[in-house]
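Enquirer: Okay, here's the structure, questions in a sec.
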Amino acid sequence: MQPRHAKRITPLNWDQPGNAAWSFSHMRRLFPTAAVARGTGPVAVLPQASQDLDRLPLGRDDGSNITLLDFLRASDTNGFIVLHRGRVVYERYFNGLEPEDAHLAMSVSKSVAGDLMGILVAEERIDPAAPIARYIPDLKSTGYADATVQHVLDMQTGVRFVEDYYDLNSDAFTIDIACGWKPPRKADDPISLYDMIRAIKPERAHGEYFTYRSADTDLLGWLMETVTGTDLADLLSDRLWSKLGTEHDACYALDKVGTALADGGFCASLRDFARFGQMHLDQGLFNGRQIVPADWVRRTRRGDPGKFRGEPYKTQMPKGAYSHQWWVRDSHTGVQLARGIFGQMIYVDPPNEMVAVKLSTWPKPTMPEMIVETLRALDTIAAWVTQDG
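Dropping the structure here:
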């Protein structure tokens, strides 16, 4: 059932404060979706090594402390899990989220798509050095005409695309219109992600520096569907999701013509996101099989900080980079994260053998100060579990 609000939750108000906590775990009830089947294999057990971290003190900018439990509540957390050496040491649910619920990942979806790309590259279906128009001739008259697959993977394309979640005229808002998450405003608004991509124009040379663009990931989805002849949801199920030993089917939100939203429409349960993160921590090896090539995972942990310019990137991650659809917190240690608006995150910390997943519904899409506070909290948790374990 929906929460008993005076105003019912609909596709017009689904992501507003007070509604989003329910909506993000009930996307199948609100929008068209495609199942990402878990397959028929046994569930990969996550061993339990629970610790009572509720009262773990976390330092704050003003010199005060807050407990981990209070931090999770204050940061609008719906689900939070920590794995150390593959064992669950801490797991909490809030705001009605249940362990079986598929929670919207927003742009964590990009890192899932990036790992799927790694599998197809290893199969020699895709050459990262090739122009992307070789695979999708429709792009020869667009801003992506001479971009390589690698440019797109690292978001170093030179196309004109504004990723502003607060500007109703931005390209990011146009994506929401194309996938039905926002109502149309004009008769010529695109009705599909592919139509939106076809309209993107050039702005500068490709490869100069990183700029965050969701359209790049949707283009990767188009590329993967083209070279395999398979819908993205079925492709992900076949190559990755069914091999993880996941507990539940996942799903993709779809645009108005049935295209999976590769950049931000993936939904899965908290523990299954943890399994995905653990697979990535273990260099693609999980559930007794090499799912993503180890060399690909190693490449996702190393980016070029010189391409990582401007705010808020450098404030949040001074040693950071972006590589193969993953945020790199520190290219020397290989600590990395998948993250999405409204507070979604998978945190992978190889030196401390830790994975953490945080699913949230912040009141605003972007909250740079909350990113910094969350990373500080994860540092404290890593120090604790490493010392204890």
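If you read the sequence shown in the UniProt record's numbering, its first letter stands for residue 1, the second for the next number, and so on. Positions of the beta carbon are idealized from the N, C-alpha and C atoms, including for glycine.
1) Quick check on DSSP: helix, strand or coil for I197?
2) List the residues that DSSP assigns as beta-bridge partners of Y135.
3) Please work out which residues of its chain come closer than 7 Å, Cβ to Cβ, to S360, disregarding the five sequence neighbours upstream and downstream, and give them in chain order.
4) Excluding the five sequence neighbours on either side, which residues of its own chain have a C-beta within less than 7 Å of the C-beta of A6, listed in chain order?
5) Rounded to a whole number of angstroms, what is the C-alpha to C-alpha distance between L223 and D52?
6) Could you check the C-alpha separation between P351 and K307 for me, to the nearest Å?
7) In the DSSP assignment, find the alpha helix (DSSP H) that holds D349 and state where it starts and stops.
8) Can you name, in chain order, every residue of its own chain whose Cβ lies under 7 Å from the Cβ of Y252, other than the five neighbours on each side?
9) Go through its chain and collect everything with a Cβ distance to S170's Cβ below 6 Å, but skip five positions before and after it.
10) Work out the CA separation of Q325 and D188 for me, nearest whole Å.
11) Suppose the cutoff is 8 Å on Cβ atoms and the five residues either side in sequence are ignored; what does the same chain contact list for H248 look like?
12) What does the Cβ neighbour count give for P305, buried or exposed, with the cut at 16 atoms within 10 Å?
13) Could you tell me which residues DSSP pairs with D352 in its beta bridges?
14) Is it true that the CB of D263 sits closer than 8 Å to the CB of S192?
15) Roughly how many angstroms lie between the CA atoms of E91 and V348, to the nearest whole one?
16) Taking three-plus beta-carbon pairs below 8 Å as touching, is the segment 137-149 in contact with the segment 311-325?
17) Using only the alpha-carbon positions, how far apart do S331 and A49 sit?
18) Work out the CA separation of A250 and P190 for me, nearest whole Å.
19) So is the beta-carbon of P137 under 7 Å away from any non-hydrogen atom of the ligand MG?
20) Kindly list the residues whose CB is nearer than 6 Å to the CB of A294, restricted to its own chain and excluding five residues on each side of it in sequence; keep chain order.
21) Taking just the CA atoms, how far does L46 sit from L83?
22) For my contact list, V355 and A274 are in at a C-beta cut-off of 8 Å; report their separation, rounded to the angstrom.
23) What residue from L30, Q290, E225 and R309 has the CA that sits closest to L12's CA?
24) Helix, strand or coil for A6? Go by DSSP, reduced to three states.
25) Can you look up V385 in the DSSP assignment and give me helix, strand or coil?
26) Where do the N-terminal and C-terminal ends of the alpha helix (DSSP H) with F80 fall, by residue?
27) In terms of DSSP beta bridges, what is I126 paired with?
28) For I191, which three-state DSSP category applies?
29) State the DSSP-derived secondary structure class of Q156, mapped to helix, strand or coil.
30) Between M155 and D115, is the Cβ-Cβ spacing less than 8 Å?
31) Measure the C-alpha to C-alpha separation of A383 and T374 and round it to an integer number of angstroms.
32) Go to V335, then tell me how far its alpha helix (DSSP H) extends in each direction, as first and last residue.
Expert: The answer reads as follows:
1) In the structure shown, I197 sits in a helix (DSSP, three-state: H, G or I).
2) For Y135, which the question treats as bridged, DSSP gives no partner whatsoever.
3) Excluding five sequence positions before and after S360, the CB atoms of its chain that fall closer than 7 Å to its own CB belong to S75, D76, T77, N78, F342, G343 and Q344, given in chain order.
4) Reliability of the predicted coordinates at A6 is poor, the pLDDT of 45 falling under 50, and no value is obtained from them.
5) Each residue's Cα considered, the two are about 45 Å apart.
6) If I take the Cα positions, the gap works out to 24 Å.
7) Where D349 is concerned, there is no enclosing alpha helix (DSSP H), although the beta strand (DSSP E) it sits in stretches over Q344 to D349.
8) Cβ neighbours of Y252 within its own chain (closer than 7 Å, five residues either side excluded): T33, A34, V36, L232, A233, A260, L261, G265 and F266.
9) Within the same chain, V162 and D164 come within 6 Å of S170 by CB-CB distance, once the 5 residues on both sides are set aside.
10) Here the alpha carbons of Q325 and D188 stand approximately 30 Å from one another.
11) R38, E100, A102, A268, S269 and D272, listed in sequence order.
12) Buried: at least 16 other Cβ atoms inside 10 Å.
13) Here residue 352 turns out to be Asn, not Asp, going by the sequence shown. Partner(s): none; N352 has no beta bridge.
14) Pairing S192 with D263 gives a Cβ-Cβ distance that is not under 8 Å.
15) One alpha carbon belongs to E91, the other to V348, and they sit about 16 Å apart.
16) No: the two stretches stay apart, fewer than three of their Cβ pairs being nearer than 8 Å.
17) For S331 and A49, the distance between alpha carbons rounds to 30 Å.
18) If you take the alpha carbons of P190 and A250, they lie about 27 Å apart.
19) This structure does not include the ligand MG; it has no bound ligands of any sort.
20) In the same chain as A294, and ignoring 5 residues on each side of it, the C-beta atoms closer than 6 Å to its own belong to Q283 and G284, in chain order.
21) Spanning the two alpha carbons is a distance of roughly 9 Å.
22) Between A274 and V355 the Cβ distance is about 6 Å, and since that is below 8 Å, they are a contact.
23) Between L12 and the set L30, Q290, E225 and R309, the nearest pair of CA atoms involves L30.
24) Caution applies to A6, whose pLDDT of 45 falls short of 50 and renders its modelled position unreliable; the value that the coordinates give is listed next. A6 falls in the coil class under three-state DSSP.
25) Look at V385 here: in three-state DSSP terms it is helix.
26) F80 -> not in any alpha helix (DSSP H); beta strand (DSSP E) instead, spanning T77 to H84.
27) Note: I126 sits in no beta bridge, so no partner.
28) It is coil, neither helix nor strand.
29) Three-state result, Q156: coil.
30) A distance of 8 Å or more separates the beta carbons of M155 and D115.
31) Between A383 and T374, the alpha-carbon positions lie close to 14 Å from each other.
32) Here V335 belongs to no alpha helix (DSSP H); instead the beta strand (DSSP E) covers V335 to G340.
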